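So in UniProt numbering the end of the sequence shown lands on 370, straight run, no missing numbers.
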Amino acid sequence: MVGIDQVLEKLSTVIDPDLKKDIVSMGMIKDLELNDGNLKFTLELTTPACPFNVEIEDDVRKAIGELTELKNFDMNVTAKVMEGRSLDADTGMASVKNIIGVASGKGGVGKSTVSLNLALALQQTGAKVGLLDADIYGPSIPLMLGMKDGFMEVEDNKLQPAESNGLKVVSFGFFAEQAHQAAIYRGPIISGILKQFLVDTNWSDLDYLIVDLPPGTGDIPLTLAQTIPITGILVVTTPQDVASNVAVKAIGMFEKLNVPIIGVVENMSHFICPNCDERHYIFGDGGAKKISEQFNMPFLGEIPLNSGIMSGSDVGKPIMITKPDSPSADAFRIAAKNIAAQCSILAAKLQEEMESEGSNEESAPEASTN
Ligand code: ADP
1 MVGIDQVLEK LSTVIDPDLK KDIVSMGMIK DLELNDGNLK FTLELTTPAC
51 PFNVEIEDDV RKAIGELTEL KNFDMNVTAK VMEGRSLDAD TGMASVKNII
101 GVASGKGGVG KSTVSLNLAL ALQQTGAKVG LLDADIYGPS IPLMLGMKDG
151 FMEVEDNKLQ PAESNGLKVV SFGFFAEQAH QAAIYRGPII SGILKQFLVD
201 TNWSDLDYLI VDLPPGTGDI PLTLAQTIPI TGILVVTTPQ DVASNVAVKA
251 IGMFEKLNVP IIGVVENMSH FICPNCDERH YIFGDGGAKK ISEQFNMPFL
301 GEIPLNSGIM SGSDVGKPIM ITKPDSPSAD AFRIAAKNIA AQCSILAAKL
351 QEEMESEGSN EESAPEASTN
């Protein structure tokens with residue numbers, strides 16, 4: 001008769017392609033029961049948006065299928081997003097597992113459009129997602145979501161995010177009066193507003209909080225990097241942006257602050273001909289890939305230049321909602337899955353670091369009292 005150790009041995013042959021570790025040592029097998037040849041367990045994937053979820057599930061079925069003496073096999077598949085940031089060090093936002101800052105070298109590259117559609121793509125996989133529009137000088141998310149008259153209530157001294165299409169949304173644009181005056185706000189006031197949006201908001205349980213940062217390297221990106229532990233920064237570029245090297249400065253700032261760079265997404269990367277489906281790289285091919293190689297950071301996707309993306313944003317109807325089957329929506333979905341995978345990789349690294357710190361503390365020689 002098959003024993004538990006044989007089952008675990010078989011399951012250990014299944015490797016998570018992102019984390020490069022076997023699913024047993026990653027703790028992805030839960031509630032395992034083996035009674036008289038009847039096997040039952042839960043496979044807990046690291047994020048519902050993992051690009052390899054189907055592959056891992058298939059590999060598990062194949063591995064278990066090799067245990068020919070089993071009478072029955074029942075697998076429940078779930079996903080629990082890993083914590084990509086140190087929650088112990090952040091009591092203010094301990095219910096938000098991953099915070100992703102979206103940055104760009106300059107304005108107009110489509111950073112807000114990309115932030116919003118990626119947030120929706122992650123939400124559509126089943127993850128709990130929030131979107132913080134931290135572009136205080138030009139908050140565009142309310143317009144892109146058709147929430148111009150949106151507002152946030154305050155309950156128990158906490159801001160309650162507005163809701164749209166399953167996303168929890170906070171934007172400076174909801175404070176119309178203040179938004180008018182934003183241009184005159186400087187340093188400490190700006191930092192204070194962002195801190196309130198982060199810490200004094202009832203985000204409740206979130207798997208991913210996407211923070212749409214203003215372009216460049218001003219007070220807000222700096223405050224985000226220094227106030228709370230974040231999972232990392234996603235850089236949005238266009239081929240022209242790459243050519244003029246403006247993204248490089250922003251990347252440099254986050255690297256100096258020791259904030260992980262999750263990777264780069266190239267927006268307006270190419271045009272897909274509606275007649276022949278061919279891709280035309282109007283502004284040159286491979287720019288963002290070069291940046292990703294230069295800075296040794298993952299290249300996470302390329303979003304086409306598409307009038308539907310623009311018109312959808314301008315009338316409050318994002319393409320992930322109106323045309324979820326379009327090639328543009330596919331491109332956002334691919335990028336979102338790659339981002340979720342990178343967050344899991346960063347989370348696994350963090351877990352390892354914390355474990356090794358813990359074991360170093362345990363094995364550290366006791367201080368001499370002499
Ligand atoms: P940023 O946040 O970088 O300033 P926005 O997201 O506001 O940029 O986008 C600037 C303009 O470009 C908007 O009109 C938006 O609709 C348009 N846009 C963004 N991405 C695309 C795209 N992939 N295809 C077509 N238009 C786009």
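Don't be surprised by glycine CBs; every beta carbon is placed ideally from N, CA and C. No experiment lies behind these values; they were computed from the predicted model shown.
Distance CB(residue i)-CB(residue j) smaller than 8 Å
i           : j           : result
residue 217 : residue 253 : yes
residue 169 : residue 190 : no
residue 39  : residue 70  : yes
residue 222 : residue 262 : no
residue 118 : residue 49  : no
residue 291 : residue 237 : yes
residue 87  : residue 79  : no
residue 112 : residue 144 : yes
residue 105 : residue 247 : yes
residue 152 : residue 174 : yes
residue 397 : residue 5   : For residue 397 there is no data in the structure shown, the boundaries of the chain being 1 and 370.
residue 100 : residue 208 : yes
residue 28  : residue 44  : yes
residue 129 : residue 15  : no
Boundaries (first-last residue) of the alpha helix (DSSP H) holding residue i
i           : result
residue 227 : 219–227
residue 433 : Absent from the structure is residue 433, since the part of the chain shown begins at 1 and ends at 370.
residue 255 : 246–256
residue 197 : 187–199
residue 57  : 53–65
residue 321 : 319–322
residue 11  : 4–11
residue 309 : 307–314
Which of helix, strand or coil DSSP assigns to residue i
i           : result
residue 370 : The pLDDT assigned to residue 370 is 38, lower than 50, so where the model puts this residue is not dependable; a value taken from the coordinates is nonetheless given after this. It is coil, neither helix nor strand.
residue 279 : strand
residue 88  : coil
residue 157 : coil
residue 47  : coil
residue 300 : strand
residue 266 : strand
residue 289 : helix
residue 171 : strand
residue 113 : helix
residue 143 : helix
residue 202 : coil
residue 151 : coil
residue 41  : strand
residue 295 : coil
residue 349 : helix
residue 330 : helix
residue 339 : helix
residue 16  : strand
residue 241 : helix
Residue i versus the options, residue with shortest Cα-Cα distance
i           : options            : result
residue 57  : 90, 17, 68         : 17
residue 7   : 30, 19, 137        : 30
residue 277 : 97, 264, 306       : 306
residue 242 : 10, 109, 89        : 109
residue 273 : 347, 19, 282       : 282
residue 127 : 100, 166, 137      : 166
residue 51  : 125, 60, 36, 316   : 125
residue 269 : 303, 34, 130, 1    : 303
residue 245 : 210, 295, 309, 356 : 295
residue 36  : 72, 353, 92        : 72
residue 227 : 286, 257, 136      : 257
Cβ-Cβ separation, residue j to residue i (assumed contact under 8 Å), whole Å
i           : j           : result
residue 312 : residue 334 : The pair is not a contact, with the Cβ atoms about 18 Å apart (cut-off 8 Å).
residue 132 : residue 212 : 7 Å
residue 206 : residue 97  : 7 Å
residue 344 : residue 82  : 5 Å
residue 150 : residue 162 : 5 Å
residue 239 : residue 85  : That belief does not hold up - the Cβ atoms of residue 239 and residue 85 are roughly 32 Å apart, past 8 Å.
residue 337 : residue 329 : Actually they do not touch by this definition, with Cβ atoms about 13 Å apart.
residue 134 : residue 197 : 7 Å
residue 103 : residue 250 : 5 Å
residue 351 : residue 298 : Their Cβ separation, rounded to whole angstroms, is 19 Å, which puts residue 351 and residue 298 out of contact at 8 Å.
residue 340 : residue 68  : Not really, about 36 Å apart at Cβ, beyond 8 Å.
residue 202 : residue 158 : 4 Å
residue 114 : residue 267 : 5 Å
residue 219 : residue 187 : 5 Å
Range covered by the beta strand (DSSP E) that runs through residue i
i           : result
residue 164 : 162–164
residue 212 : 206–212
residue 76  : 72–79
residue 233 : 232–237
residue 29  : 29–35
residue 394 : The structure shown does not extend to residue 394, since the chain is modelled only from 1 through 370, so no value can be given for it.
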